[in-house]
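K.L.:
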Amino acid sequence: ENSLLRQVSSLLRRLPAIESEKFQDDFLMEYNDTLLITYLAMFTNC
Amino acid sequence: MDIEQKQAEHIDYFVKQASNLKGTALSTVIVEATSHPSLFAFSEIIAASNVLELEGTENSASLDLLRMFAYGTWSEYKSAADRLPQLVPDQVLKLKQLTVLTLAETNKVLPYDLLMQELDVTNVRELEDFLINDCMYVGIVRGKLDQLRRCFEVQFAAGRDLRPGQLGSMIQTLANWLSTSENLLVSIQEKIKWADTMSEIDKKHKKEVDERVEEVKKTLS
Amino acid sequence: ASDSIFFYDEAAQAKFQQEKPWANDPHYFKRVKISALALLKMVVHARSGGTIEVMGLMQGKTDRDAIIVMDAFALPVEGTETRVNAQADAYEYMVDYSQTNKQAGRLENVVGWYHSHPGYGCWLSGIDVSTQMLNQQYQEPFLAVVIDPTRTVSAGKVEIGAFRTYPEGYKPPDEPVSEYQTIPLNKIEDFGVHCKQYYALDITYFKSSLDCHLLDLLWNKYWVNTLSSSPLLGNGDYVAGQISDLAEKIEQAENQLAHSRFGSLIGGPLRKKEEESQLTKITRDSAKITVEQVHGLMSQVIKDILFNSVRQ
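Protein chains in written order, with this note's numbering: chain A, 14 to 59; chain B, 6 to 226; chain C, 1088 to 1399.
Structure representation (structure tokens):
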């Protein structure tokens, strides 16, 4: 069914949703910040 | 999805026309289809038996033109212009719109320079007008024009007709996506189990510690 | 059957108003039923206020020991915690609105007021308690609802509380068991002084069949926005404030510990218990902040794996 194939093709072209160095930097920074908060929370717990 | 819904009716109409006509009349239908402002898909029309029969006849150039609109770009047309019929302005516009879709297939960020080169546009203003009026308002693309970085960030682009051989790669991508999602679900399930186990261990440990504390208190008192 | 709650029985409501069963029992109203529409309106209004407190009124009816909130409307006032009677600015608006409503065929009366506590939890401050006491004197039945739009975003569920105050001088027989919530240091005194003057009601929600259908349609339209949003990115200021508040609380606990070092020998088990419970609270607060951050990160990681790791 050509219409469905075109829609699937359009959808697959949208992946990956974000692909940039800046996003990776921001994402990893957010990751590190959360891990830091978890670390601090463990300290508090102790 | 919206663009497919919009053009479904037109596809049906032209497929019916193509099924009932032959020869030169069919070439006229092909010109009409490739000029239609709301039609961007031509696989169904190509698949019509009468259209396929144009191969090798005096009207085979119309079939080649239809294939160009289904799979090709404006630059490809220009290089093959001697073998193909002359285009009317509406067809030129259509082919340029389809070129944008093809470019958006490979890159999400389209530099203005590349677009101007591929679309034979001389200045940025003209390019932006084309992208806004003839692409975004029509609904075939959605995106952001970044004038500072001189590029067009594509968020959505309608799908073009599939070239032979493209299906395999699509199936592979979908299979990868499916396996990634399944692995993710399995990981989430494992993490849930782990969290439950750790919670049980924690409760048990707390209970043991509380019992020890009570014991020591009793001993002291 | 589920839509029958929307029917307004004027005679029954008038009879209930005359009987006044709440007059003899300060704990008469135990439940609150809020309609999906009223909840949405209140939360959206509270969120729109940002860090400024906003307030509004709720319309509805009663059903034995339940107050049913059918609809809510915003009042053109702000900063309800900073003034003694912020409502006074909106009296004319309230009267006009109620009259116009009756003309338009909405028969429900005003049954309460709501306001927001952006970022500092659902409870009644001293000003709120005195306002509500006054309302319960002259406008019964009346309910106070508090919404925290900031914590709603970070927790991923609506932070809402419904309260009624006790009459002046009344001492409740039982200590009410309420769900623990973090109170910032700068509000903890206001919270503590008045927390025994009111009680919380159980909140449930209801929606009509049309609401269900409309919400389904809205979900289809807004699921992308929902999926794209992240509390990590949207609530950064709030989290920073929470961590800063936690740091101050730890410092305070540490000071108390230092002062009571000698005192603990004499003070005995009572003081140690207080410190322990303060430290326990701090630990719980820090765990809550962390869990919310981890949830936010988990959703980001899952979205990244699902949508960014697949390539052509």
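Beta carbons are placed, not taken as given, at the ideal position from N, Cα and C, and that holds for glycine. From a predicted model like this one, the values you see are computed outputs, not experimental measurements.
1. Does DSSP classify N128 of chain B as helix, strand or coil?
2. Reducing DSSP to helix, strand and coil, say where G164 of chain B ends up.
3. Check this for me: beta carbons of Q1174 of chain C and D1158 of chain C, under 8 angstroms apart or not?
4. Our contact map puts D139 of chain B next to F47 of chain B with C-beta atoms below 8 angstroms; I'd like the distance itself, whole angstroms only.
5. Determine, using beta carbons only, whether V181 of chain B comes closer than 8 angstroms to chain C.
6. For M1129 of chain C, count neighbouring C-beta atoms within 10 Å of its own C-beta (all shown protein chains included) and say buried if the count is 16 or more, exposed if not.
7. Would you mind reading off the limits of the beta strand (DSSP E) that contains F1160 of chain C?
8. Which residues in chain A have a C-beta closer than 7 angstroms to the C-beta of L1314 of chain C? List them in chain order.
9. Looking only at DSSP bridge pairs, what is V159 of chain B linked to?
10. Run through the DSSP bridge pairs and tell me what P116 of chain B is partnered with.
11. Can you give me the C-alpha to C-alpha distance between N58 of chain A and K1274 of chain C, rounded to a whole angstrom?
12. Can you find a CB in chain A that lies within less than 8 angstroms of the CB of S1373 of chain C?
13. Grouping DSSP H, G and I as helix and E and B as strand, with all else coil, what is L59 of chain B?
14. Would you decide whether G1206 of chain C is buried or exposed? Buried here means 16 or more other CB atoms lie within 10 Å of its CB.
15. Would N58 of chain A count as contacting chain C if we go by Cβ distances under 8 angstroms?
16. Per DSSP, W1200 of chain C is paired with what?
17. Listing by chain order, which chain C residues have their CB less than 8 angstroms from the CB of E34 of chain A?
18. For a cutoff of 8 angstroms on Cβ pairs, would you count T1252 of chain C as touching chain A?
19. If you draw a straight line from the C-alpha of P29 of chain A to the C-alpha of N1395 of chain C, how long is it?
20. Return the chain-ordered ranges of every alpha helix (DSSP H) run that is complete within the stretch 11 to 51 of chain B and spans a minimum of 4 residues.
21. Where are the alpha helix (DSSP H) runs, 4 residues long or more, that stay fully inside the stretch 52 to 109 of chain B, in chain order?
22. Tell me, please, whether the CB atom of Q1399 of chain C is closer than 8 angstroms to any CB atom in chain B?
23. Would you list the residues sitting across from A1287 of chain C in a DSSP beta bridge?
24. Assuming K3 of chain B and V159 of chain B make a contact with CB atoms under 8 angstroms, what is their CB distance in whole Å?
25. Let me see if you follow: with CB-CB separation under 8 angstroms, is S1396 of chain C close to chain B or not?
26. Give me the Cβ distance between R168 of chain B and Y76 of chain B, rounded to the nearest whole Å; I'm assuming they're in contact under 8 angstroms.
27. Would you please verify whether the beta carbon of L25 of chain A is less than 8 angstroms from any beta carbon of chain C?
28. With DSSP as the reference, please indicate the residues paired to F1293 of chain C in a beta bridge.
29. For S1296 of chain C, which residues from the same chain have a beta carbon less than 8 angstroms from its beta carbon, with the 5 sequence-adjacent residues on both sides left out?
30. Check whether the Cβ of L1384 of chain C lies closer than 8 angstroms to any Cβ atom in chain B.
31. Going by C-alpha distance, which of B:E110, B:I50 and B:G61 is nearest M175 of chain B?
32. Decide if R19 of chain A is buried, meaning its Cβ has at least 16 other Cβ atoms within 10 Å, or exposed.
33. Note down the Cα distance separating G28 of chain B from N64 of chain B, rounded to an integer number of angstroms.
34. For L1384 of chain C, collect the residues of the same chain with a Cβ closer than 8 angstroms to its Cβ; drop the 5 residues on either side in sequence, then sort them by chain order.
35. Rounded to the nearest angstrom, what separates R72 of chain B and L1304 of chain C at their Cα positions?
P.N.:
For this structure:
1. Working through the second sequence from its first residue, we reach residue 128 of chain B at position 123. N128 of chain B: coil per DSSP, three-state reduction.
2. On the second sequence, residue 164 of chain B is found 159 positions in, with the first residue counted as 1. G164 of chain B: coil per DSSP, three-state reduction.
3. For this step, residue 1174 of chain C is matched to residue 87 along the third sequence. For this step, residue 1158 of chain C is matched to residue 71 along the third sequence. Against a cut-off of 8 angstroms, the Cβ pair of D1158 of chain C and Q1174 of chain C comes out as no contact.
4. Here the question's residue 139 of chain B lines up with position 134 in the second sequence. Here the question's residue 47 of chain B lines up with position 42 in the second sequence. So it is not a contact: roughly 18 angstroms between Cβ atoms.
5. Looking up residue 181 of chain B in the second sequence gives position 176. Sequence inspection shows Asn at residue 181 of chain B; the Val mentioned does not correspond to that position. For N181 of chain B, the answer is yes, since a Cβ of chain C falls inside 8 angstroms of its Cβ.
6. Locating residue 1129 of chain C in the third sequence gives position 42, where the first residue counts as 1. When all chains shown are included, M1129 of chain C counts as buried.
7. Here residue 1160 of chain C is taken as the residue at index 73 of the third sequence, counted from 1. Note, F1160 of chain C: beta strand (DSSP E), A1153 to E1165.
8. As a first step, residue 1314 of chain C is located in the third sequence; it is residue number 227 there, counting from the start. None at all; the shortest Cβ gap to chain A is about 10 angstroms.
9. Start at 1 with the first residue of the second sequence, and residue 159 of chain B comes out as number 154. In the DSSP output, where bridge partners are listed per residue, V159 of chain B has B:G148.
10. Working through the second sequence from its first residue, we reach residue 116 of chain B at position 111. In the DSSP output, where bridge partners are listed per residue, P116 of chain B has B:C156.
11. In the first sequence, the residue the question calls residue 58 of chain A occupies position 45. In the third sequence, the residue the question calls residue 1274 of chain C occupies position 187. Rounded to whole angstroms, N58 of chain A to K1274 of chain C spans 24 angstroms at the Cα level.
12. Taking the first residue of the third sequence as position 1, residue 1373 of chain C is located at position 286. Cβ-Cβ to chain A under 8 angstroms: yes for S1373 of chain C.
13. Taking the first residue of the second sequence as position 1, residue 59 of chain B is located at position 54. It is coil, neither helix nor strand.
14. Here residue 1206 of chain C is taken as the residue at index 119 of the third sequence, counted from 1. Answer is buried; the Cβ neighbour count reaches 16.
15. Reading the first sequence from its first residue, position 45 is the one you call residue 58 of chain A. Answer yes: the Cβ-Cβ gap between N58 of chain A and chain C drops below 8 angstroms somewhere.
16. Counting from one through the third sequence, the residue named residue 1200 of chain C turns up at place 113. W1200 of chain C pairs with C:L1144 and C:A1231.
17. Reading the first sequence from its first residue, position 21 is the one you call residue 34 of chain A. Those within 8 angstroms of E34 of chain A in chain C number zero; the least Cβ separation is about 13 angstroms.
18. The count along the third sequence starts at 1 and reaches residue 1252 of chain C at position 165. Not an interface residue.
19. Position 16 of the first sequence holds residue 29 of chain A. Position 308 of the third sequence holds residue 1395 of chain C. Taking the straight line joining both Cα atoms gives about 4 angstroms.
20. 28 to 40
21. Given a length threshold of 4 residues, each whole run of the alpha helix (DSSP H) inside the stretch 52 to 109 of chain B is given here in chain order: 54 to 57, 65 to 76 and 79 to 84.
22. Translated into the one-based positions of the third sequence, residue 1399 of chain C becomes position 312. With 8 angstroms as the cut-off, Q1399 of chain C counts as an interface residue toward chain B.
23. As a first step, residue 1287 of chain C must be located in the third sequence, where it is residue number 200. Answer by DSSP bridge pairing, in chain order: C:F1250.
24. A query on residue 3 of chain B cannot be resolved here, the shown segment of chain B reaching from 6 to 226 and no further.
25. Working through the third sequence from its first residue, we reach residue 1396 of chain C at position 309. Interface residue, yes.
26. The count along the second sequence starts at 1 and reaches residue 168 of chain B at position 163. The count along the second sequence starts at 1 and reaches residue 76 of chain B at position 71. Confirmed, Cβ separation roughly 5 angstroms.
27. The residue given as residue 25 of chain A occupies position 12 in the first sequence. Look at L25 of chain A: its C-beta is under 8 angstroms from a C-beta on chain C.
28. Taking the third sequence and counting its residues from 1, one reaches residue 1293 of chain C at position 206. The partner list for F1293 of chain C (beta bridge, DSSP) reads C:S1122.
29. Here the question's residue 1296 of chain C lines up with position 209 in the third sequence. Answer for S1296 of chain C: S1089 and D1090, listed in chain order.
30. To locate residue 1384 of chain C, count along the third sequence from 1; it is residue 297. Judged by the 8 angstroms Cβ criterion, L1384 of chain C is not in contact with chain B.
31. As a position in the second sequence, residue 175 of chain B is number 170, starting the count at 1. Of B:E110, B:I50 and B:G61, the residue nearest in Cα terms is B:E110.
32. Translated into the one-based positions of the first sequence, residue 19 of chain A becomes position 6. Buried, because 16 or more other Cβ atoms sit within 10 Å of the Cβ of R19 of chain A.
33. Here residue 28 of chain B refers to the residue found at position 23 of the second sequence. Here residue 64 of chain B refers to the residue found at position 59 of the second sequence. Taking the straight line from one Cα to the other gives about 7 angstroms.
34. Stepping through the third sequence from its first residue, residue 1384 of chain C is reached at position 297. L1319.
35. If you number the second sequence from 1, residue 72 of chain B lands on position 67. If you number the third sequence from 1, residue 1304 of chain C lands on position 217. Whole-angstrom Cα-Cα distance: 40 angstroms.
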